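Be aware that the sequence shown starts at 0, since it is given in numbering that gives the first Met the number 0, and climbs by one per residue.
Using N, Cα and C, we set each Cβ at its ideal position, and we do this for glycine too.
The model shown is predicted, which means the values in this text are computed figures rather than measured ones.
Take a look at the structure set out below.
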Amino acid sequence: MADIHVEEFYRDVAIALSQLYSAFPRRINLFVEDIAGPDEPDEFGLHSKRHMACFGALLWLAEEGFLRYVDTIRQEALDQAVLTRDAFIRLSSPAPAALAELAGVTPDESELPPSVRKDLSTYIHLIRQALRSGHSERIGAIVRAAFFSTSSW
């Protein structure tokens, strides 16, 4: 079992990538509250550790070349964020069948058109399925497989 902050990191990454993919190629404002939930700054105006961890995850995604953005909106959002070319290609790529089984995605291929089978096998589809399941180990495994277990990154 991973540390809770690592599980939250994978969840934050999965949600952010899903939001960016859904809007691609349009640039969007990526709000921390939409990913980590509502946050009330304390009496000094400081955000919670959870909020700052999510904001840090978004900045890390940019530093590692998964997304680009124009500016930050305080510590609340990334302004004009968009997936990089490599992140878009990776999310659109078919995932290994074993990973689809881990995500609980095993469509009956005989009944589906080839284009639908192809869409259901992509990393972004598996990430979305894992998010719907709410299973943190599954989310982490899919995010790791999609982005961190490849030599091309």
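Where residue i falls, given that 16 or more other Cβ within 10 Å makes a residue buried
i: Val142; result: buried
i: Arg153; result: Residue coverage of the chain in this structure runs from 0 to 152, which leaves residue 153 outside it and unanswerable.
i: Gly139; result: buried
i: Ile34; result: buried
i: Asp2; result: exposed
i: Val5; result: exposed
Given residue i as reference, the closest of the options once Cα atoms are compared
i: Gln128; options: Arg10, His4, Arg73; result: Arg10
i: Ile14; options: Phe30, Arg26, Ala97; result: Phe30
i: Thr83; options: Val5, His4, Leu16, Phe8; result: Leu16
i: Ala94; options: Thr71, Tyr68, Leu125; result: Leu125
i: Gln18; options: Thr71, Gly64, Ile123; result: Ile123
i: Phe147; options: Arg131, Leu130, Val12, Arg26; result: Val12
i: Val69; options: Ala145, Val5, Arg26; result: Arg26
Residue i to residue j span [Cα, whole Å]
i: Glu32; j: Glu75; result: 7 Å
i: Gly133; j: His50; result: 19 Å
i: Thr71; j: Glu62; result: 13 Å
Boundaries of the alpha helix (DSSP H) in which residue i is found, first to last residue
i: Asp11; result: 3-22
i: Phe54; result: 48-62
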